[in-house]
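Chemist:
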Amino acid sequence: MALFDNHGRPINYLRLAVTDRCNLRCFYCMPAEGIMYVPKKELLSYEEMERLVRILARMGISKIRITGGEPFVRRDLVSFLWRLHERPGIEDVNITTIGGLSTPYIAELKAMGIASVNLSLDTFDRQRFLEITRRDEFNRVLDCFHALLKHQIPTKINAVVMEGKNTQDIIPLTELTRQYPVSVRFIEEMPFNGEGSHYPVLVWTHRKILEVLKQQYPTIEKLPDPPASTSYNYRIPGHQGTVGIIAAFSRTFCGTCNRIRLTAQGTLKTCLYDQGVLDIKQIVRSGASDKAIRQAFEKAFRNRAKDGYEAEQRRGEQSVSESMSTIGG
Ligand code: SAM
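Residue 77 in this note's numbering sits at position 66 of the sequence shown, with consecutive numbering throughout.
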């Protein structure tokens, strides 16, 4: 069954944040002292998430990405992932992780048939990793990277490109694609840092990142982008992997956006930049039937902003400032 929004865009992809907690403190995601985590009872339970996934799968969602916070901070995550894999209609389950806690579970992820893992890694330098994430976890993240390769799980490395922080890492990270069959994706920094501060003008736009790549690799080739891709994709002749650039702040991909988000607190977002368009947890906990929940989803999908700019505008006074850890990226 196909699901469409009011702009005729198919919706088939759910990003599900299973927690707002994280073991790192990446400065572009949250302040050093962390954020106010919501009380545990305010997080969706696994049972509630499974129910919502069942309803959404019947409506047309076929792909899920588990995110957070750090998904592996949540207890019993792996059993939940097994159950998601068994859910009729869900064709692929993916996960985004910072990696430090994930390594012991990689073999099991492979066994259950996880479709892909996105590993967040903004630098290949241990000291810069510590400065960016405020935690000395670099070696554990590398362990995770090698475990993913060993188990041949399709892997993407996500790196946020930040002025004055890690632009010197663009080439070393790209070099990973020479030796390894991974996709390295550079992401424009967004204002979701829990502080409300952002550059007035973004310096490291997707165009500037591409310039750096072209300068270093003049033979870099554009690849056709898969449908609903958020990244512009490239390959460097002779390299095993590929390179992607995600214009997350410039928002160039909204025209084909196929994704919705459920935050760990149970809020539906139909755009990363919206304020949350439906308190689905409240509806679920008020005893609503599956039919009523489905109708609430349908109503929200019929009122989706046409792009991230309109979604941001609809927030009114409430500017984009929440931590990505509460949204799920
Ligand atoms: N803890 C997991 C991780 O780090 O991969 C999953 C959650 S994290 C919020 C998801 C993604 O959002 C990460 O790749 C992270 O780099 C990205 N992210 C967080 N804050 C961001 C920001 N302000 N701008 C761009 N990307 C951001």
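For every residue, glycine included, the Cβ atom is placed at its ideal position computed from N, Cα and C.
1) Out of E53, E199 and Q163, which one is the CA nearest neighbour of Y191?
2) Could you check if E174 belongs to the surroundings of the ligand SAM, using beta carbon to heavy atom distance under 7 Å?
3) Tell me the residue span of the alpha helix (DSSP H) that contains Y24.
4) Quick test of your reading: R189 and Q251, contact by CB under 8 Å. State the CB separation rounded to the nearest angstrom.
5) Output the boundary residues of the alpha helix (DSSP H) element that contains D301.
6) Tell me whether the region 148-163 and the region 202-212 touch, counting them as touching only if at least three CB pairs, one residue from each stretch, are closer than 8 Å.
7) Figure out for me which residue from M70, W93 and S131 has the closest Cα to the Cα of C40.
8) Say yes only if the C-beta of S56 is nearer than 7 Å to one or more non-hydrogen atoms of the ligand SAM, and no if none qualify.
9) With respect to the beta strand (DSSP E) encompassing R270, which residues constitute its N-terminal and C-terminal limits?
10) Taking the DSSP output, what are the residues bridged to P21?
11) Whole-angstrom Cβ separation of F197 and I220, contact assumed at under 8 Å?
12) In this structure, how does DSSP classify I182 when only helix, strand and coil are distinguished?
13) What is the DSSP secondary structure of L279, counted as helix, strand or coil?
14) Straight-line CA distance for G266 to Y48?
15) Which of helix, strand or coil does DSSP assign to R336?
16) Relative to the alpha-carbon of I117, which residue among L160, E206 and V193 has its alpha-carbon at the smallest distance?
17) Run the proximity test for E206: is its beta-carbon closer than 7 Å to any non-hydrogen atom belonging to the ligand SAM?
Modeler: From the atom records:
1) Q163
2) no
3) Where Y24 is concerned, there is no enclosing alpha helix (DSSP H), although the beta strand (DSSP E) it sits in stretches over Y24 to A28.
4) 7 Å
5) D301 to F312
6) no
7) The closest CA to that of C40, considering only M70, W93 and S131, is found on S131.
8) no
9) R270 to L273
10) F15
11) 5 Å
12) helix
13) strand
14) 33 Å
15) Here residue 336 turns out to be Ser, not Arg, going by the sequence shown. Look at S336 here: in three-state DSSP terms it is helix.
16) L160
17) no
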